[in-house]
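Presented below is the structure to which this report refers.
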Amino acid sequence: MEYPFDELHAGIGSQIMNLPAGIPDSEAVTQAKALPDSVGKFMALGKALSRQLRYREAIDAYTEGLKSEPESLPLLRLRAGRYLTTLQNDLAIADFKKCLSLGADKPDCLYRIGLAHYYAGRYAQAIEMFENCMPLCDEEMGIAVMYWHTLSAARAKKPPALLKDYHPGMAAGHHTAYEKAMQVWSGTTPLPAMLQMLEDEKDDLEYSIVLYGLFWYPDCDEQKSSCPAAAFGQVLRISQRGTIGQEPYSLSSPVLQTATAPESAVMLAISALAAGLSAYQKATVRDVE
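Under our numbering, the first residue of the sequence shown is numbered 6, with each subsequent residue one higher.
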C-alpha cells in the first residue's frame, strides 16, 4: 500500500508541540520554494510540506499565499484542515466558517467545525454542528457524523439522538471503524461480540477508532476488568508495541499530556506504526485533510 507521505517525515512533536521538524527539505519542497510567488506556489509548498508532516510550516505557506488573495477558497480550506490537524481548534473554526461564507461544501465544513469543538471539549457545540450536518450527508459521511455526535452526547450526558438513523448495512465506505462502533451503540451487535471480533483485527487504525468509540459506551464502564476499551493503554496498543512518528511515546509522554484535550490526544496518538507510518499520521490525512 502506498501512503501519501514522504519516507522522511516529521514526528508528532513538531505537529502538536511546535517543535522543530528537524528534517531536510524534500525535493518537492525545494522545487516549490524556487517558484515565483503566487497562490499556486504557496499551495504547492504547503502540500509538499504536508507530505513531510510539517503541518505548521504548511500553515505558514498557506498564510503567505492568503496575503495576496485573502479569499482564496482552496488556500483557506487547506489551512483550515492543517489547523485542525495541529489542534488549533479556534483557528480551524474561523477558517472553516470563512470557507462556508465563500461557498465551500457545507457538510464538509460543518463536520470539521464539529470535530474542532469536540477536540476542544465543547461538546454541546459539537452536538449542534453534527446535528446541522447530518441531514446534508450521504450514508458514508453520515456514519462519521453519527460516531462523533454519539461521543459528544456521551461526554455531555445527552441522548445520542442521531443513532436513530443507524441501520445495518449502511454504505459506510471507508468509514468501517465508525460503523462498527455504531453497531454496538445502536444495540445491533453486543459489546462482547464486537470485542471478540476485534481480537483478530490487524489494522491498528481500525482497532483504535472502534475502541475509542466504545470507551464511552456505558457497558465498558461497568466491565473495566474485561473491556479493553476501558483502558487507554489497551485502546492505543502503545504499551505493547509501536511508536508515534519516528519516536517512542507512552501515555505519560509530554506530547500527549500537553495536547489541547486528553481525548483528542488519544485520537491523535491512536495505535502503532504500520508500514513505517503511525496511525495518527494516516488518520490526519484520511479524516482531517
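Ideal Cβ positions, reconstructed from N, Cα and C, are used throughout, including at glycine.
Contiguous beta strand (DSSP E) assignments of at least 3 residues, all confined to the segment 150–238: DSSP assignment within the segment 150–238 yields no whole beta strand (DSSP E) run of 3 residues or more.
DSSP state of leucine 24 mapped onto helix, strand, coil: Here leucine 24 sits in coil by DSSP.
Compare the Cα-Cα distances from aspartate 42 to each of Lys52, Ser73, Arg84 and report the closest residue. Nearest C-alpha to aspartate 42: Ser73.
Alpha carbon to alpha carbon, how far is aspartate 205 from tryptophan 153? Give it in angstroms, no decimals. Straight-line Cα distance between these residues: approximately 25 Å.
Can you look up proline 112 in the DSSP assignment and give me helix, strand or coil? Residue state, collapsed to three classes: helix.
Less than 7 Å between C-beta atoms, sequence neighbours within five positions excluded: which residues of the same chain meet that for histidine 122? Correct list, in chain order: Gln130, Ala131, Met134.
Is the beta carbon of alanine 176 closer than 8 Å to that of glutamate 145? Contact flag set, yes.
Taking Cβ positions, are leucine 50 and valine 34 nearer each other than 8 Å? With contacts defined as CB atoms closer than 8 Å, leucine 50 and valine 34 qualify as a contacting pair.
For leucine 13 and lysine 38, what's the separation of their Cα atoms in angstroms? Put simply, the backbone Cα of leucine 13 is about 18 Å away from that of lysine 38.
Where does the unbroken alpha helix (DSSP H) through phenylalanine 135 begin, and where does it stop? Phenylalanine 135: member of the alpha helix (DSSP H) spanning 128–138, first to last residue.
Count the other CB atoms within 10 Å of the CB of serine 106; is the residue buried (16 or more) or exposed (fewer)? Using a 10 angstroms sphere on the CB of serine 106, the tally of other CB atoms stays under 16, which defines it as exposed.
Pick out whichever of Asp110, Ile17, Ser55, Pro79 has its Cα sitting closest to the Cα of aspartate 11. The residue with the shortest Cα to Cα distance from aspartate 11 is Ser55.
Quick check: the Cα distance between lysine 52 and leucine 92, rounded to an integer number of angstroms? Using only the alpha carbons, I get a separation of about 18 Å.
Could you say which of Leu80, Arg84, Leu89 lies nearest to isoleucine 21 if we only look at CA atoms? Closest in C-alpha terms to isoleucine 21, from the list Leu80, Arg84, Leu89, comes Leu89.
Limits of the alpha helix (DSSP H) - the one that cysteine 104 falls within: Run containing cysteine 104: 94–106, per the alpha helix (DSSP H) assignment.
Excluding the five sequence neighbours on either side, which residues of its own chain have a C-beta within less than 8 Å of the C-beta of proline 164, listed in chain order? So the qualifying residues of the chain are Ala158.
Glutamate 69 - containing alpha helix (DSSP H), residue span: For glutamate 69, the enclosing alpha helix (DSSP H) begins and ends at 60–73.
Going by C-alpha distance, which of Ile98, Gly174, Val44 is nearest proline 75? Comparing Cα-Cα distances from proline 75 to each of Ile98, Gly174, Val44, the minimum goes to Val44.
Distance check for alanine 66 and leucine 40, CA to CA, integer angstroms please. Cα-Cα distance, rounded: 13 Å.
Exposed unless 16 or more other CB atoms sit within 10 angstroms - verdict on glutamine 201: By the neighbour-count rule (16 or more Cβ atoms within 10 Å), glutamine 201 is not buried but exposed.
Given a cut-off of 8 Å on the beta-carbon distance, is the pair aspartate 170 and glycine 147 in contact? The criterion of a C-beta distance shorter than 8 Å is satisfied by aspartate 170 and glycine 147.
Cβ shell of alanine 99 (< 7 Å), same chain only, five flanking positions each side left out: Cβ within range, chain order: n/a, list empty.
Determine the DSSP secondary structure at histidine 14, reduced to helix, strand or coil. Here histidine 14 sits in coil by DSSP.
In or out: asparagine 94 buried (at least 16 other Cβ within 10 Å) or exposed? The Cβ neighbour count for asparagine 94, taken over all protein chains shown within 10 Å, is at least 16; the residue is labelled buried.
Since threonine 35 is in the alpha helix (DSSP H), which residue starts that stretch and which ends it? Note, threonine 35: alpha helix (DSSP H), 32–38.
Beta-carbon separation of alanine 125 and phenylalanine 101 under 8 Å? Result no, Cβ atoms of alanine 125 and phenylalanine 101 do not sit closer than 8 Å.
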